[in-house]
Amino acid sequence: MECKRITAIVVATALVAAGCAEDDPPSAPPQTSPTSSAVALTPCAVPKIPTARCGSITVPLDRSHPEAGTTEVAFALVPRANQALPSLGTIVTNPGGPGSGTVDLVGFRYAEGLRPVLDRRDLLLVDPRGVGRSAPISCPSLEDPARVFAAVEVQRAAIGRCGEALGDKAGYYGTAAVADDFDDVRAAVGVDRVDLLGDSYGTYLMTTYAARHPDHVRSVVLSGAYPVNTDHDSSGAFAAAALRRAIGLVCERTTSCSGPTVLADLAALAARLRTAPVAFTVPFEGRSFDVVLDEWQLAGTVGKLYSGAADVETKLALAAALAAARAGDLAPVQELVKAHLLEMASIPAMGVGLVSEPLAWATTCHDYQRDFSYADSAAERQRAFADALARLKAEDFAPFSPKAWVTRDSYDAGACLDWPADPTATAPVAKGTKLADVPVLVLSGDLDANTSTASGEEAAAQFPNARLVEVAGAGHTPTITDEGAKLAMEFIARDHP
Numbered sequence: 016m017e018c019k020r021i022t023a024i025v026v027a028t029a030l031v032a033a034g035c036a037e038d039d040p041p042s043a044p045p046q047t048s049p050t051s052s053a054v055a056l057t058p059c060a061v062p063k064i065p066t067a068r069c070g071s072i073t074v075p076l077d078r079s080h081p082e083a084g085t086t087e088v089a090f091a092l093v094p095r096a097n098q099a100l101p102s103l104g105t106i107v108t109n110p111g112g113p114g115s116g117t118v119d120l121v122g123f124r125y126a127e128g129l130r131p132v133l134d135r136r137d138l139l140l141v142d143p144r145g146v147g148r149s150a151p152i153s154c155p156s157l158e159d160p161a162r163v164f165a166a167v168e169v170q171r172a173a174i175g176r177c178g179e180a181l182g183d184k185a186g187y188y189g190t191a192a193v194a195d196d197f198d199d200v201r202a203a204v205g206v207d208r209v210d211l212l213g214d215s216y217g218t219y220l221m222t223t224y225a226a227r228h229p230d231h232v233r234s235v236v237l238s239g240a241y242p243v244n245t246d247h248d249s250s251g252a253f254a255a256a257a258l259r260r261a262i263g264l265v266c267e268r269t270t271s272c273s274g275p276t277v278l279a280d281l282a283a284l285a286a287r288l289r290t291a292p293v294a295f296t297v298p299f300e301g302r303s304f305d306v307v308l309d310e311w312q313l314a315g316t317v318g319k320l321y322s323g324a325a326d327v328e329t330k331l332a333l334a335a336a337l338a339a340a341r342a343g344d345l346a347p348v349q350e351l352v353k354a355h356l357l358e359m360a361s362i363p364a365m366g367v368g369l370v371s372e373p374l375a376w377a378t379t380c381h382d383y384q385r386d387f388s389y390a391d392s393a394a395e396r397q398r399a400f401a402d403a404l405a406r407l408k409a410e411d412f413a414p415f416s417p418k419a420w421v422t423r424d425s426y427d428a429g430a431c432l433d434w435p436a437d438p439t440a441t442a443p444v445a446k447g448t449k450l451a452d453v454p455v456l457v458l459s460g461d462l463d464a465n466t467s468t469a470s471g472e473e474a475a476a477q478f479p480n481a482r483l484v485e486v487a488g489a490g491h492t493p494t495i496t497d498e499g500a501k502l503a504m505e506f507i508a509r510d511h512p
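Using this note's numbering, the first residue of the sequence shown is number 16, and each one after it goes up by one.
Here it is, written out as structure tokens:
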């Protein structure tokens with residue numbers, strides 16, 4: 016599954032748009048604002064949002080087995096600024112991940128952009144269990160930045176040790192449980208129906224919420240979306256096709272490169288590094304790490320470059336670096352790889368109030384499709400995974416080999432090979448589940464090789480009343496663009512039934 020690990024966090028929430036304030040309410044505005052709260056709310060310190068009121072509720076770790084214990088889920092309610100007029104509703108948002116917080120991440124990064132929506136609508140920010148203010152979990156094996164610079168097998172082993180360290184709790188952080196937590200928070204603050212707004216992994220979470228609690232959904236906006244549980248091709252071929260298209264679009268629109276030439280250069284360098292990798296050193300926090308620049312590292316860097324915001328300047332730098340490599344100079348490519356690795360290594364420094372790698376992998380290893388069974392032995396898992404790789408068609412993953420692309424970086428399809436056996440691991444929504452017949456807007460960026468437009472089409476097809484809009488020039492989560500934000504806010508502001 017092409018998904019949104021914490022290395023691809025983008026906090027957009029359509030609230031960054033300017034000029035989206037609602038001066039006139041729609042006719043007969045829906046009564047979806049907080050009424051009477053069943054939980055104490057107190058003023059709290061949310062970055063740059065002084066009106067926020069915070070609370071927390073206690074929820075079961077496993078609703079099917081109350082004896083497993085409980086955990087705390089924290090949230091912040093931001094009341095509308097204009098109390099003289101009726102509320103136009105309550106928005107519940109999630110910025111992505113899995114593994115990202117919401118309360119401090121949204122407040123810290125986009126407080127200024129929140130002003131238009133906060134004028135007439137209330138905002139409910141919920142930290143998913145295991146991160147932020149909601150009883151964050153930790154794993155020593157994921158804290159050492161050295162693993163970021165290591166080979167894929169080392170990284171998988173560290174993820175597996177995290178699962179072992181979590182023990183019995185490893186299976187309690189699936190998206191279904193998080194969606195149910197969100198609904199408990201909704202009920203606790205006295206809201207009937209909500210407008211759901213999800214970016215990246217947030218689209219997976221909000222779709223799950225809509226499936227499990229349809230009566231409490233007024234509308235849904237999914238930005239950078241992918242389906243929850245269909246016959247979706249989870250191999251990454253969609254993303255490889257989106258990468259090829261995006262490279263062509265960047266070159267065509269800027270006239271600064273040739274798409275076919277960039278792809279040919281990329282394929283040639285990938286083939287070269289496949290047989291003749293190059294070692295170099297990356298300094299980080301006073302230490303030096305040996306890095307092997309091979310096809311796998313190249314795929315991770317290029318994939319990430321086209322899996323975030325539409326940073327055209329860096330994309331053109333990639334084209335220039337590949338041209339230099341064709342002439343024998345690998346230094347520019349090494350600089351791009353270095354920048355990517357340093358970004359990944361810096362993620363833990365953001366703190367558990369913002370991101371949690373343990374939660375990211377606990378959710379991923381519980382929810383997403385796998386090419387092996389947790390019931391199998393380690394050797395059987397490896398054989399099943401190798402067999403799945405062998406079945407992939409090379410042409411579907413050009414300019415990389417299938418193995419390099421589907422195991423790249425934090426999108427590694429084998430990341431959970433060492434995860435402890437978990438008999439409860441399953442997708443949060445069963446195939447064939449009828450989703451809520453509510454208005455749904457799906458936004459996809461045409462430069463996004465993470466959750467491609469093809470993935471967005473499948474996400475929209477899950478709902479009986481969904482519309483897909485591809486935003487030209489946008490990368491992952493189009494709500495960070497002016498056009499995407501405007502589309503999202505206009506959609507939420509409509510007088511939906």
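Note that CB positions come from ideal geometry on N, CA and C, so glycine has one too.
In this text, all values refer to a predicted model and were calculated from it rather than measured experimentally.
Across the set G186, S153 and R171, the C-alpha of G186 shows the shortest separation from the C-alpha of P438.
Taking all protein chains in view, the Cβ of K353 is crowded by 16 or more other Cβ atoms within 10 Å, so the residue is classified as buried.
Exclusion of the five residues before and after W311 leaves A419 as the residues of its chain whose Cβ lies within less than 6 Å of its Cβ.
One thing to note: F197 has its Cβ within 8 Å of the Cβ of V107. For E485, the enclosing beta strand (DSSP E) stretches over residues A481 to V486. In this structure, L483 lies away from A325, with their beta-carbon atoms at least 8 Å apart. Contact check for A336 and V327: beta-carbon distance about 15 Å, past the 8 Å limit, so the pair fails to qualify. Excluding sequence positions up to five before and after P242, its CB lies within less than 8 Å of the CB of T222, S470, E473, A474, A476 and Q477, all in the same chain and listed in chain order. When the alpha-carbon of C380 is set against those of A202, L369, K184 and P155, the nearest one is in K184. In this chain, the beta strand (DSSP E) harbouring G213 covers V209 to D214.
Straight across, the Cα-Cα distance linking L351 with V457 is about 32 Å. Membership of F90 in the beta strand (DSSP E) is indicated by the continuous run T85 to V93.
Within the same chain, and ignoring the five residues on either side of L157 in sequence, the residues whose Cβ sits closer than 7 Å to its Cβ are A173, C177, E372 and P373. DSSP, reduced to helix, strand and coil, places S303 within a strand of the structure shown. The beta-carbon distance between A89 and R68, rounded to whole angstroms, is 12 Å. This is too long to meet the 8 Å contact definition. A direct Cα-Cα distance of roughly 6 Å separates A390 from A436. Scanning its chain for C-beta atoms nearer than 7 Å, with the 5 sequence neighbours on each side dropped, one finds around Q170 the residues R162, in chain order. Judged by beta-carbon spacing, A503 lies beyond the 8 Å limit of N244, meaning their Cβ atoms are not closer than that value. Taking the Cα of P155 as reference, the smallest distance to any Cα among A430, L139, G175 and R148 is reached at G175. In this structure, G460 lies near A489, with their beta-carbon atoms less than 8 Å apart. Beta-carbon to beta-carbon, W376 and A430 are separated by about 7 Å, close enough to satisfy the 8 Å threshold. Residues of the same chain with a CB within less than 8 Å of the CB of T269, apart from the 5 flanking positions on each side, are V327 and L331 in chain order. Cα atoms of G315 and T466: separation of roughly 15 Å, rounded to the nearest angstrom.
For V297, the closest of T290, V307, R289 and A55 by C-alpha to C-alpha distance is V307. Only exposed fits K63, as fewer than 16 other CB atoms lie within 10 angstroms of its CB. Counting only residues of its own chain and dropping the five nearest sequence neighbours on each side, A53 has a CB closer than 6 Å to the CB of A203.
Pairing S322 with H491, the inter-Cα distance amounts to about 6 Å. Cβ-Cβ distances below 6 Å link R289 to E310 in the same chain, with the five nearest sequence neighbours on each side left out; the list follows chain order. Assigned with DSSP and collapsed to three states, R233 falls in strand. Residues L337 and P414 of the same chain have their beta carbon placed closer than 6 Å to that of L281, with the five preceding and five following residues left out of the count. At least 8 Å separates the beta-carbon of L407 from that of S238. If you check the CB distance, D199 and R227 do not come in under 8 Å. Counted as a single uninterrupted DSSP element, the stretch harbouring I507 is not any beta strand (DSSP E) but the alpha helix (DSSP H) occupying residues D497 to A508. G213 counts as buried, since no fewer than 16 other beta carbons sit within 10 angstroms of its beta carbon. In the structure shown, the three-state DSSP call for T190 is helix. In chain order, A89, G116, T117, V118, R148 and S149 place their CB closer than 6 Å to the CB of D142, counting only its own chain and leaving out the 5 sequence neighbours on each side.
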